[in-house]
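Engineer: Mind having a look at this structure? Questions to follow.
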Amino acid sequence: GEDVEQSLFLSVREGDSSVINCTYTDSSSTYLYWYKQEPGAGLQLLTYIFSNMDMKQDQRLTVLLNKKDKHLSLRIADTQTGDSAIYFCAETATTGGFKTIFGAGTRLFVKA
Amino acid sequence: NAGVTQTPKFQVLKTGQSMTLQCAQDMNHEYMSWYRQDPGMGLRLIHYSVGAGITDQGEVPNGYNVSRSTTEDFPLRLLSAAPSQTSVYFCASSYRPLTGGGNNEQFFGPGTRLTVL
Numbered sequence: 094g095e096d097v098e099q100s101l102f103l104s105v106r107e108g109d110s111s112v113i114n115c116t117y118t119d120s121s122s123t124y125l126y127w128y129k130q131e132p133g134a135g136l137q138l139l140t141y142i143f144s145n146m147d148m149k150q151d152q153r154l155t156v157l158l159n160k161k162d163k164h165l166s167l168r169i170a171d172t173q174t175g176d177s178a179i180y181f182c183a184e185t186a187t188t189g190g191f192k193t194i195f196g197a198g199t200r201l202f203v204k205a
Numbered sequence: 006n007a008g009v010t011q012t013p014k015f016q017v018l019k020t021g022q023s024m025t026l027q028c029a030q031d032m033n034h035e036y037m038s039w040y041r042q043d044p045g046m047g048l049r050l051i052h053y054s055v056g057a058g059i060t061d062q063g064e065v066p067n068g069y070n071v072s073r074s075t076t077e078d079f080p081l082r083l084l085s086a087a088p089s090q091t092s093v094y095f096c097a098s099s100y101r102p103l104t105g106g107g108n109n110e111q112f113f114g115p116g117t118r119l120t121v122l
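Line by line, the protein sequences give chains A and B.
Per our numbering, residue 94 is the first one in the first sequence, and the count goes up by one each step.
Per our numbering, residue 6 is the first one in the second sequence, and the count goes up by one each step.
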């Protein structure tokens, strides 16, 4: 079935770039998303990319999509301590009806 | 707009008890979902609704019931709580269907942390 995989932890120094990676299995995915979850809160959409795009940039965020390898990445430039959170990769699949598949989340630690 | 609200924030139940987790949204979204979040497992879809009067099962529906009598409310009922249902529960709503055209952002509530002893 559909699956989304991410590494569970990433630690970076303040000011460095963070790159969070994700792989997915459903080749019929139309949209791929990055959500951010801060402690004690629900998820909030950070950015998304349509499957016919290779890259999307939004201020400090860059999303890269490699459809051939089914690989999605989120790059955060100039990472700040406020970026410490859990980041979820998600895909919407056109097979199986109404559902979004979420990865397990990558916990980003930013060291001052 | 309040967005998506959930009550209660925290709940402790004994095995076998029943309860209802409340979810409401004021954005006139047709689509609402319930997820559970467990460590290392991401979010798993329990039940969802594509409009008032219409619900369907997600990935992990056993032990839970839902109903959707209004566009605004989508309660989740635990029929007979079990320790395996200890989790954080999130309700989400969205304007578009997730497999339809256009980006579909989901708006999440703050979550309910449930412990079953």
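All C-beta atoms in this analysis are idealised placements derived from N, C-alpha and C, irrespective of residue type, glycine included.
Roughly how far, in whole angstroms, is the beta-carbon of Arg200 of chain A from the beta-carbon of Phe102 of chain A, given that I think they are within contact range, below 8 Å?
Structural biologist: Correct: roughly 5 Å between the Cβ atoms.
Engineer: Nearest CA to the CA of Phe202 of chain A: which residue from A:Thr172, A:Lys160, A:Cys115 and A:Gly196?
Structural biologist: Ranking the options by Cα distance to Phe202 of chain A, first place goes to A:Thr172.
Engineer: Note down, in chain order, all residues in the region 126-142 of chain A with a beta-carbon under 9 Å from any beta-carbon belonging to chain B.
Structural biologist: The region 126-142 of chain A vs chain B, Cβ under 9 Å: Tyr126, Tyr128, Gln130, Gly133, Ala134, Gly135, Leu136, Gln137, Leu138 and Tyr141.
Engineer: Quick one: which residues of the region 44-56 of chain B get their C-beta closer than 7 Å to a C-beta of chain A? List them in chain order.
Structural biologist: Gly45, Met46, Gly47, Leu48, Leu50, Tyr53 and Val55
Engineer: Taking 9 Å as the CB-CB limit, is Phe195 of chain A close to chain B?
Structural biologist: yes
Engineer: Under DSSP, the beta strand (DSSP E) around Gln173 of chain A begins and ends at which residues?
Structural biologist: First-last for Gln173 of chain A: undefined, no H or E at that position.
Engineer: Out of curiosity, what's the CA-to-CA distance linking Asp119 of chain A and Lys192 of chain A?
Structural biologist: Using only the alpha carbons, I get a separation of about 12 Å.
Engineer: With a Cβ-Cβ cutoff of 9 Å, do Lys129 of chain A and Ile179 of chain A count as a contact?
Structural biologist: yes
Engineer: Can you list, in chain order, the residues of the region 165-185 of chain A whose Cβ is nearer than 7 Å to any Cβ on chain B?
Structural biologist: Phe181 and Thr185
Engineer: Grab me the residues of Leu139 of chain A's own chain with a C-beta within less than 7 Å of its C-beta, minus the 5 sequence neighbours each way, in chain order.
Structural biologist: Answer for Leu139 of chain A: Trp127, Tyr128, Lys129 and Leu154, listed in chain order.
Engineer: For Phe95 of chain B, would you say it is in contact with chain A, using Cβ-to-Cβ distances shorter than 9 Å as the test?
Structural biologist: yes
Engineer: Short of 7 Å in beta carbon distance, which residues of its chain neighbour Asp151 of chain A, apart from the five on each side in sequence? Order them along the chain.
Structural biologist: Correct list, in chain order: Thr140.
Engineer: Does Gln90 of chain B come out as helix, strand or coil in the three-state DSSP assignment?
Structural biologist: Here Gln90 of chain B carries a helix assignment [DSSP, helix/strand/coil].
Engineer: Could you tell me the alpha carbon to alpha carbon distance between Gln137 of chain A and Ala170 of chain A, rounded to whole angstroms?
Structural biologist: 19 Å
Engineer: Have a look at the DSSP bridge pairing and note the partners of Asp61 of chain B.
Structural biologist: B:Tyr53
Engineer: Please decide whether Tyr117 of chain A counts as near chain B, where near means a Cβ-Cβ distance under 9 Å.
Structural biologist: Taking Cβ atoms only, chain B never reaches closer than 9 Å to Tyr117 of chain A, which makes this a no.
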